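Residue numbers (the working numbering), protein chains in the order written: chain A, 1 to 231; chain B, 1001 to 1329; chain C, 2001 to 2511.
In this text, a Cβ means the ideal position worked out from N, Cα and C, and glycines have one as well.
Quick caveat: nothing in here was measured; it's all calculated off a predicted structure.
Worksheet: the structure to be examined is printed underneath.
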């Protein structure tokens, strides 16, 4: 269970308060107008932004002061999810051991993860030799191996075409159900939210409230969301 | 004569004595002394033949190091000091009398100092290539009066090079009150001023300048070592300024007998007979056979000019200002 | 910054700062305080300032077209020319002076050519000569730094620019100008600081005492006037100037903010005819300007190479060993400092300080400190090594810093998210991505140590002789031909070292 306890985030003039709980295994969309603070919220949970006030708890344990890599989560950014000078294998291997001490067993797991995301035999390539969709798959394969209970998606598939994006989201959903992962996903697309996330956090007007059921929210959007969705 | 003038103070003390039976005599000397091409190796071999000791040179800026070390200095003897620093060295009270009979010296000037012992000497002079410079100046005055484009000269900076300082005093000795005017006439012919003797002499041998401020004995090197007699010093009837290198023993020496032996050695025939080609300068005692062929035939100035230590100390500050003013225009 | 990363940086900063400030304090203590500066010192300060500023400005301005041309063009010998770009500023000043004068002097090649054509000859002596010499020394460094900047623009941004149909002016505005804004202040700062402590070169090319620099004034205070207090006061002024310049450069530096690319092979934009000609002219002129004096040194020295006595070769071996050690120390200091510098101004300041140190004051101060504790002779080699390393530290930092900035901007987040820390981060992220500037910095450090004379003479015992010291000894005993041979050997070895390390860096670069 993820709890944001009376959290206050500040960046210059920008303020966002969050007080909410996400149940374990939930899949939650984070929606809201551009600039409302969706990415900021994820950055704080991931440990890139220290809150001014409040606590972040996972399963009752306070993780507010933990280093990003030590938190029980994986995050996929909009870009820069891979090191361009490392091979696909190494990029994925970092998920198993940041020191890249990879034995036969680890290589087998990497190969399996590659197969699971449909990239058999591409382990030796460099990211530049992959398509955008393939790069996303590599990053996903790494989260698969890291096997953290919480997955934060900060629009990693925004640059992909609709079909490809749907495919990736389905892959995420598959992995999440198989591993029981809790997913928080920034989304601009109501359809994505409806199909993947039973619940939604509506970030608007400096607040990130408790998740609400997605369908009713989208069916009867409050004014801020309505303006954003374009009626 | 050689001009080392390395940049920066060379601050070293002697390495600790090795576990040997022989006593060690520590001699502070300028950098150029101890190189394979300096007089150091010959002096070391010559002295060790008779002293039953181990002579150790410590190369660097001799006086600055002794000034910093004070009475804790490891030096028994300092060699290679120039007249410009003698007053300062004397003022430390660290040096002991040399105990030699200065009446034996055959210098072109009278030397009565009982602490600093000259072991070789020369005079400063403008050196040129006679195959390239067809109308060399026959006197200092002719040099000053020549048109700006007649000669291009490289001189050393008096603030960083002893030969440059000697030139200041030379002009002062010849022109006295009118030294400032003399500098104003000389300045247009000075192509450039260098930090050290080596750069100036390099500009000369590379053909960039017609004349270089060097020594009356410089041509001897070219004659003897290179068999080249095209390099000559312009000898002026007004006289040339004296340049000498001196040695002195330290009061704090733990080896006073050895140090005294070394001072004796400096005036010995063995030393004086080899210093001419070892340091390309005149020995301070000239006996028949001490000057190799090539030295003997060097033209000699009629007059050798020299200021006493106190005169030189008083003159150099104002002389530097005159020099700077002439080049400021 | 985590403590694990801050600690080595703090240690390196303390070492660099102590190396500069402690000797200065020791000299002030010995002098019993500072003495007032003279009017002549004021003039020296003014001359030093404006010649250094102008040299830095001109070197940087000229470096832009040369670097752009080298970036855009592919031609035989390009790699060699880029490699050669490290050479001039690493030559001992006496070698460089004679090389420059062989080309630009009264009897030099340029005036000989002008005379043949019936044109009036030019005099190199004067303020313009000082600037010319300083540009000769520093244009290569500036060019390399700017070229690195160009190569660091991700090819994705260039493709974007091309796809948007941006013309040359727009590319300049949106890509090149931000890059230059990020690179040039640092380059100018480094050159300004180098020229600040210039001495022998400024005096000779300046044609006399009008070209008196602060360093020469320090020399005079030490040697001519025996005024330690004034020497220390001047040295303090030099340090203050360096810090002011550092602050100024920091104000003008803006991060380029290109974001990361995917290391796709860079594709310089194809350029139309007129720019081809401009590029060709920039490359030809720069190459001629840099290569001619080096060629003159080589021509003069090559015939004497065979006649060099064995002691010169021994000295060369000593110099090589010293260079190897000092390179390692430089990198060990520069890496933690440059990694800390984007977040901690003190790290950058500490790394840049040694450039403002006067060798004379440094040597005297170190001696005063060491003397009561231990015989300085015993410290000769380690002190030489560490001081040499500290002297090349500022260059290493300037080369590393831009790439460290983009490395951290691009990958800090991802590395943190993956818990990539400590040695693993160094091995998997920092070293591979910094291989290129590290190799270049290592080359500079090695070559700097080879050519540096001021430092070795501080603690020379007259027995361990380095190549520059042997060169001076040869000149000091009239052996000008052999000295030319030694100069040629020194230039060759220095260049070979620089080239090899630079090349290792480029090969180790995974891109």
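In three-state terms, what does DSSP make of residue i?
{"i": "residue 1306 of chain B", "result": "coil"}
{"i": "residue 200 of chain A", "result": "strand"}
{"i": "residue 1080 of chain B", "result": "strand"}
{"i": "residue 63 of chain A", "result": "coil"}
{"i": "residue 1119 of chain B", "result": "strand"}
{"i": "residue 2307 of chain C", "result": "helix"}
{"i": "residue 2049 of chain C", "result": "helix"}
{"i": "residue 1006 of chain B", "result": "Caution is warranted here: a pLDDT of 33 is assigned to residue 1006 of chain B, below 50, making its placement in the model unreliable, and the coordinate value is therefore given only provisionally. Correct three-state label for residue 1006 of chain B: coil."}
{"i": "residue 1245 of chain B", "result": "strand"}
{"i": "residue 1126 of chain B", "result": "strand"}
{"i": "residue 10 of chain A", "result": "strand"}
{"i": "residue 1103 of chain B", "result": "helix"}
{"i": "residue 2338 of chain C", "result": "helix"}
{"i": "residue 2507 of chain C", "result": "helix"}
{"i": "residue 1098 of chain B", "result": "coil"}
{"i": "residue 2179 of chain C", "result": "helix"}
{"i": "residue 1287 of chain B", "result": "coil"}
{"i": "residue 2245 of chain C", "result": "helix"}
{"i": "residue 1276 of chain B", "result": "helix"}
{"i": "residue 2092 of chain C", "result": "coil"}
{"i": "residue 2293 of chain C", "result": "helix"}
Quick one: does residue i have its CB under 8 Å from some CB of chain B?
{"i": "residue 2371 of chain C", "result": "yes"}
{"i": "residue 2096 of chain C", "result": "no"}
{"i": "residue 2216 of chain C", "result": "yes"}
{"i": "residue 2476 of chain C", "result": "yes"}
{"i": "residue 2355 of chain C", "result": "no"}
Under a CB-based cut-off of 8 Å, is residue i close to chain A?
{"i": "residue 2416 of chain C", "result": "yes"}
{"i": "residue 2402 of chain C", "result": "no"}
{"i": "residue 2343 of chain C", "result": "no"}
{"i": "residue 2437 of chain C", "result": "no"}
{"i": "residue 2430 of chain C", "result": "no"}
{"i": "residue 2219 of chain C", "result": "no"}
{"i": "residue 2413 of chain C", "result": "yes"}
{"i": "residue 2506 of chain C", "result": "no"}
{"i": "residue 2152 of chain C", "result": "no"}
Per DSSP, residue i is paired with what?
{"i": "residue 1153 of chain B", "result": "B:1190 and B:1211"}
{"i": "residue 1282 of chain B", "result": "B:1121"}
{"i": "residue 1139 of chain B", "result": "In DSSP, residue 1139 of chain B forms no bridge with anything."}
{"i": "residue 1027 of chain B", "result": "B:1057 and B:1077"}
{"i": "residue 3 of chain A", "result": "A:21 and A:57"}
{"i": "residue 1234 of chain B", "result": "B:1126"}
Nearest chain C C-beta to residue i closer than 8 Å, yes or no?
{"i": "residue 1221 of chain B", "result": "yes"}
{"i": "residue 37 of chain A", "result": "no"}
{"i": "residue 1114 of chain B", "result": "no"}
{"i": "residue 193 of chain A", "result": "no"}
{"i": "residue 78 of chain A", "result": "no"}
{"i": "residue 85 of chain A", "result": "yes"}
Q: Identify every run of the beta strand (DSSP E) within the segment 2117-2177 of chain C, keeping only runs that are complete inside it and at least 3 residues long; order them along the chain.
A: none
Q) Looking at C-beta atoms only, is the number of pairs between the segment 2414-2429 of chain C and the segment 2064-2074 of chain C that lie closer than 8 Å three or more? A) no
**Q.** the segment 1256-1274 of chain B touching the segment 1058-1069 of chain B, judged by at least three CB pairs closer than 8 Å
**A.** no
Q) When the Cβ atoms of the segment 121-140 of chain A are set against those of the segment 77-85 of chain A, are three or more pairs found closer than 8 Å? A) yes
Q.
Restricting to runs no shorter than 3 residues, where is the beta strand (DSSP E) found entirely within the segment 2364-2443 of chain C?
A. none
**Q.** Continuous alpha helix (DSSP H) assignments of at least 4 residues falling wholly in the segment 94-147 of chain A
**A.** 104-116 and 132-146
Q: Would you be able to state if there are at least three C-beta pairs under 8 Å between the segment 1025-1039 of chain B and the segment 2463-2473 of chain C?
A: The segment 1025-1039 of chain B and the segment 2463-2473 of chain C touch, with three or more beta-carbon pairs separated by less than 8 Å.
Q | Ranges of the alpha helix (DSSP H) found wholly within the segment 14-91 of chain A, counting only runs of at least 4 | A | 38-46
(Q) Any contact between the segment 1239-1252 of chain B and the segment 1166-1176 of chain B? By contact I mean 3 or more CB pairs, one from each, below 8 Å. (A) Verdict: yes, contact present.
(Q) So, does the segment 2174-2186 of chain C touch the segment 2221-2229 of chain C, judging by three or more C-beta pairs under 8 Å? (A) no
Q) Okay, do the segment 1213-1220 of chain B and the segment 1153-1171 of chain B touch, 3+ Cβ pairs below 8 Å being the bar? A) yes
**Q.** Three CB pairs or more closer than 8 Å across the segment 2341-2361 of chain C and the segment 2496-2509 of chain C
**A.** no
Q. Should the segment 2401-2411 of chain C be called in touch with the segment 2328-2346 of chain C, which here means at least 3 C-beta pairs below 8 Å?
A. yes
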